[in-house]
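Report on the structure given below.
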Amino acid sequence: MNNFNYRNGELLIESINVSDIAKKIKTPFYCYSLNHLKEQYTKLDKSIELEDYEICFSIKSNSNQSIIKTFSKLGSGADVVSIGELKRALKAGIPSKKIVFSGVGKTSEEIEYAIKNDILMFNVESISELKKISQISKDLNIKSNISLRINPDISAGGNEKISTGKAQDKFGIDWKSTIESYDFAASLPGIKIIGIDFHIGSQINEIKPFEESLDLLVGIISELRKKGHDIKVFDIGGGLGVQYHQKEKPLDIKKYGKLLSEKLGEIECKIIIEPGRFLTANSAILVTKIIYIKNTETNNFLIVDAAMNDFIRPTLYGSYHEIITINEDKKGNLSNYDIVGPVCETGDYFGKKIPIGKVDEEDLLAIKSVGAYGSVLSSNYNTRASINEILVNNDEFEIIRDRIEDEELINRDKIPDWI
Ligand SMILES: Cc1ncc(COP(=O)(O)O)c(C=O)c1O
């Protein structure tokens, strides 16, 4: 993670001491580096040498409007999967004609809202959805732009909870029925075919699954064109892997760019890429305070004030996140700790047997690489507040999401008189 370094024994984010932020902001909180976000976007943009392409930031990875706006100002579009994400994208300034709408369960309300806001296209995931979009569009007297999401039955490797391109997964249309599905789409009155789409999963560090999917889909595009279907847009999804563990070799982004030139240079389509994690994962830390140190016969626990409701990836996916002290001096004399939260679940942990130097209660820790699928997956389990999000820009910072205090949560409950 660039932009997160020690100086004079203190962890900095860009050029601010994390401990100085923690003096003003209640822990735990998410803390993002604006310049990291910009650097990642630029790195990806520079690695792509195609003539006509659009990066559509996948908002599900991080839906904070400041983050969406950061990418929007760099020219990004958006990939959304709900009406809420669509509203956020529009509010953060993404032009509607740069928005694609994916997801297996789009409701009539969502479809109508997207049509009225004139998005670029729906990535359609089933025949039923196709019929529904056609009907709604017909009623509104228009034709809607669509692509079909093709399920190529290709394994993306890694965690099966975030793999989406195998035949048994709920996503997309079986690649073997592509041609008949397009023929059917073309017969519907409210549908205008403009593209084709795939997305095979997340945190993909190998080039091979991308290569296999592109080969398959390029062949399919040629078949579709022979049958008279006008494929002008090819959405190749997201999934670009990043480094969480120092030993992990992330996707080589230059190789990825080269692959796209090699496979898509001559295809005469606008290419859409939907990265989420690649742009945001390493942009943030979760700052948390040690409440108690508890040593038992079998384990040493650091009980911190963040919990699985704030950041669930370790327990949901078994994912690894580096955890460090804010004060570098404390890095000496390492002991192995289980870093756990106050929630009443054994699964409430951020790391197990993590080497940490001498620490005291009240010290701060940073959980790294939490920018993607972090705050978006948070909840209020155990009636815990929603925590602040902070954005750092060189030597200044701002709150980019307010806390929602427990009182506010409690006040949302209603108690009928008849209880
Ligand atoms: C349709 C679609 N596009 C893009 C993404 C973004 O994936 P990633 O964050 O791995 O780039 C996802 C998430 O899995 C997705 O479901």
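All residue numbers for the sequence shown refer to the numbering used here, where the first residue is 664 and numbers rise by one.
Glycine included, every Cβ here is placed at the ideal spot set by N, Cα and C.
Opening and closing residue of the beta strand (DSSP E) in which Asn808 lies: What you label residue 808 is simply residue 145 of the sequence shown in a count that begins at 1. In the DSSP annotation of this structure, the continuous segment of the beta strand (DSSP E) that includes Asn808 starts and ends at 807-814.
Quick one: which unbroken beta strand (DSSP E) runs of 3-plus residues sit fully inside the segment 946-1010? Chain order, please. Every beta strand (DSSP E) of 3 residues or more that sits fully in the segment 946-1010 is shown, in chain order, as 947-958, 963-967, 986-988, 998-1003.
Limits of the beta strand (DSSP E) - the one that Arg670 falls within: Reading the sequence shown from its first residue, position 7 is the one you call residue 670. 667-670 is the extent of the beta strand (DSSP E) around Arg670.
Considering only heavy atoms of ligand 1, does any lie closer than 7 Å to the CB of Glu937? Indexing the sequence shown from 1 puts residue 937 at position 274. Relative to the non-hydrogen atoms of ligand 1, the Cβ of Glu937 comes within a distance shorter than 7 Å of at least one.
Identity of the residues DSSP links to Phe897 by a beta bridge: As a first step, residue 897 is located in the sequence shown; it is residue number 234 there, counting from the start. Note: Phe897 sits in a beta bridge opposite Ile859, Ile934.
Just the Cα atoms here: how many angstroms apart are Phe873 and Ile790? Within the sequence shown, residue 873 is the residue found at index 210, counting from 1. Within the sequence shown, residue 790 is the residue found at index 127, counting from 1. Taking the straight line from one Cα to the other gives about 25 Å.
CB-CB under 8 Å to Ile870, same chain, minus the five flanking residues each way: which ones, in chain order? The residue you call residue 870 lines up with position 207 of the sequence shown. Answer for Ile870: Leu914, Asp915, Lys918, Tyr919, Leu922, listed in chain order.
Whole angstroms is fine: what's the gap from Ala1048's alpha carbon to Thr690's? In the sequence shown, residue 1048 corresponds to position 385, counting from 1. In the sequence shown, residue 690 corresponds to position 27, counting from 1. In a straight line, the C-alpha of Ala1048 is about 11 Å away from that of Thr690.
Please confirm whether Leu713 and Ile934 have their CB atoms less than 8 Å apart. Here residue 713 corresponds to residue number 50 of the sequence shown, with the count starting at 1. Here residue 934 corresponds to residue number 271 of the sequence shown, with the count starting at 1. In this structure, Ile934 lies closer than 8 Å to Leu713 by Cβ.
For ligand 1, is there a heavy atom less than 7 Å away from the beta-carbon of Gln909? In the sequence shown, counting from the first residue as 1, residue 909 sits at position 246. Answer for Gln909: no, Cβ out of range of ligand 1.
CA-to-CA distance, Pro815 to Glu748, given in whole angstroms: Here residue 748 refers to the residue found at position 85 when the sequence shown is read from its first residue. Here residue 815 refers to the residue found at position 152 when the sequence shown is read from its first residue. Taking the straight line from one Cα to the other gives about 26 Å.
What number of angstroms, rounded off, separates the C-alpha of Ala755 from the C-alpha of Phe834? Position 92 of the sequence shown, counted from the start, is the residue given in the question as residue 755. Position 171 of the sequence shown, counted from the start, is the residue given in the question as residue 834. Using only the alpha carbons, I get a separation of about 28 Å.
Just curious, the beta strand (DSSP E) that Val881 is in, first and last residue? In the sequence shown, counting from the first residue as 1, residue 881 sits at position 218. Val881: not part of any beta strand (DSSP E); member of the alpha helix (DSSP H) spanning 871-889, first to last residue.
Give the straight-line distance between the Cα atoms of Ile857 and Thr841, rounded to the nearest whole angstrom. As a position in the sequence shown, residue 857 is number 194, starting the count at 1. As a position in the sequence shown, residue 841 is number 178, starting the count at 1. Taking the Cα positions, Ile857 is about 14 Å away from Thr841.
Asn1056 lies in the beta strand (DSSP E); which residues open and close that run? The sequence position of residue 1056 within the sequence shown is 393, counting from 1. Taken as a continuous stretch (DSSP letters only), the beta strand (DSSP E) holding Asn1056 covers 1051-1056.
Through-space distance from Lys760 to Asp781, alpha-carbon basis: Taking the first residue of the sequence shown as 1, we reach residue 781 at position 118. Taking the first residue of the sequence shown as 1, we reach residue 760 at position 97. Just so you know, the alpha carbons of Asp781 and Lys760 end up roughly 7 Å apart.
Within 7 Å: the Cβ of Ser791 and any heavy atom of ligand 1? If you number the sequence shown from 1, residue 791 lands on position 128. Using a cutoff of 7 Å, the CB of Ser791 does not count as near ligand 1, since none of the ligand's heavy atoms is closer than that.
Any non-hydrogen atom of ligand 1 closer than 7 Å to Ser876 Cβ: Position 213 of the sequence shown, counted from the first residue, corresponds to residue 876. False, no ligand heavy atom lies under 7 Å from that Cβ.
Just how far apart, CA to CA, sit Ile799 and Asp846? Translated into the one-based positions of the sequence shown, residue 799 becomes position 136. Translated into the one-based positions of the sequence shown, residue 846 becomes position 183. Going by C-alpha positions, Ile799 is about 20 Å away from Asp846.
Roughly how many angstroms lie between the CA atoms of Ser1032 and Asn665, to the nearest whole one? Numbered from its first residue, the sequence shown carries residue 1032 at position 369. Numbered from its first residue, the sequence shown carries residue 665 at position 2. As the crow flies, the alpha-carbon of Ser1032 is around 11 Å from that of Asn665.
Using a threshold of 7 Å, is the CB atom of Ala1035 nearer than that to any non-hydrogen atom of ligand 1? Sequence index remark: in the sequence shown, residue 1035 carries index 372 (1-based). In this structure, Ala1035 has its CB closer than 7 Å to one or more heavy atoms of ligand 1.
Does the count of Cβ pairs from the segment 942-962 and the segment 1015-1028 closer than 8 Å reach three? A contact exists between the segment 942-962 and the segment 1015-1028.
Does the distance between the C-beta of Asp742 and the nearest non-hydrogen atom of ligand 1 fall short of 7 Å? Stepping through the sequence shown from its first residue, residue 742 is reached at position 79. Yes, ligand 1 has a heavy atom inside 7 Å of this Cβ.
Does the beta-carbon of Asp860 have 16 or more other beta-carbons within 10 angstroms, so that it is buried, or is it exposed? As a position in the sequence shown, residue 860 is number 197, starting the count at 1. Answer is buried; the Cβ neighbour count reaches 16.
Is the segment 721-729 touching the segment 934-948, taking contact as three or more C-beta pairs under 8 Å? In short, these stretches touch, since the Cβ pair count reaches three.
Beta carbon of Gly900: closer than 7 Å to some heavy atom of ligand 1? Sequence index remark: in the sequence shown, residue 900 carries index 237 (1-based). Answer for Gly900: yes, Cβ within range of ligand 1.
In terms of DSSP beta bridges, what is Asn680 paired with? Along the sequence shown, one-based indexing puts residue 680 at 17. DSSP lists Leu675 as partners of Asn680.
Close-in-space but distant-in-sequence residues of the same chain around Ile1017 (CB under 8 Å, 5 per side omitted): As a first step, residue 1017 is located in the sequence shown; it is residue number 354 there, counting from the start. In chain order, Ile986, Asn999, Tyr1000, Asp1001, Ile1002 place their CB closer than 8 Å to the CB of Ile1017, counting only its own chain and leaving out the 5 sequence neighbours on each side.
For Leu1028, which three-state DSSP category applies? Here residue 1028 is taken as the residue at index 365 of the sequence shown, counted from 1. Note: Leu1028 maps to strand in three-state DSSP.
The alpha helix (DSSP H) spanning Tyr695 covers which residue range? Mapped onto the sequence shown, residue 695 falls at position 32. That residue, Tyr695, is in no alpha helix (DSSP H); its beta strand (DSSP E) goes 692-696.
Determine whether the beta carbon atoms of Gly1004 and Met971 lie at a separation below 8 Å. Start at 1 with the first residue of the sequence shown, and residue 1004 comes out as number 341. Start at 1 with the first residue of the sequence shown, and residue 971 comes out as number 308. Closer than 8 Å, so yes.
Spatial neighbours of Met784 in its chain, beta-carbon cut-off 7 Å, leaving aside the 5 residues before and after: Numbered from 1 along the sequence shown, position 121 holds the residue referred to as residue 784. Result list for Met784: Val763, Asn808, Ile809, Ser810, Ile857, Gly858, Val896, in chain order.
Inspect the beta-carbon positions of Ser617 and Arg751 and report whether they are closer than 8 Å. Residue 617 cannot be examined here, being either before or after the span of the chain that is shown, 664 to 1082.
Quick one: using the 10 Å Cβ neighbour count with 16 as the cut-off for buried, is Trp838 buried or exposed? Within the sequence shown, the letter at position 175 stands for residue 838. Here Trp838 is buried, its C-beta having at least 16 other C-beta atoms within 10 Å.
Which of helix, strand or coil DSSP assigns to Glu925: Stepping through the sequence shown from its first residue, residue 925 is reached at position 262. In the structure shown, Glu925 falls within a helical segment according to DSSP collapsed to helix, strand and coil.
Given 7 Å as the limit, tell me if Ser751 has its C-beta closer than that to any heavy atom belonging to ligand 1. Stepping through the sequence shown from its first residue, residue 751 is reached at position 88. In the sequence as presented, Ser is not what sits at residue 751; that position holds Arg. The nearest non-hydrogen atom of ligand 1 is 7 Å or more from the C-beta of Arg751.
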